[in-house]
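Residue 132 is where the sequence shown starts when you use this note's numbering, and the numbers rise one by one after that. Think of the CB as a built atom: it goes at the ideal place given N, C-alpha and C, for glycine as much as any other residue.
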Amino acid sequence: MPDCDLCNIELLITAKARIKKWSREPQLIPDELISRQVALCNAADVGYGPHQMALRESIGSEYEYKLGEYAKLWNLKYKGLYSTSHDSSVE
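1) Give the range of the alpha helix (DSSP H) segment to which Ile190 is assigned.
2) Who are the Cβ neighbours of Thr145 in its own chain at under 8 Å, not counting the five residues just before and after it?
3) Quick check on Ile150: buried or exposed, where buried means 16 or more other Cβ atoms within 10 Å of its Cβ?
4) To which residues of the same chain is Gln168 closer than 6 Å at the C-beta, ignoring the five residues directly before and after it?
5) Buried or exposed, going by whether 16 or more other CB atoms sit within 10 Å of the CB of Ile140?
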């Protein structure tokens, strides 16, 4: 009996990973209609999607640049997140 429970948990984990990947890359969804609907939802969502991610990246880069300029002005050492390849978001 415990083996069946373990199999079910493994199936749920792989299903969750697949759904997560599909939500980020809807072109990988086998069903074309669902794929288009997910892509449209991603595009229409103001808090998620390629446009929002590009905007966040742009704002982050600008913020890092300004911090670096202020650090130079005040003779401070500053090494930003983008220059050290640290990911600022936790997933």
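In this structure, then:
1) 181-204
2) none
3) exposed
4) none
5) exposed
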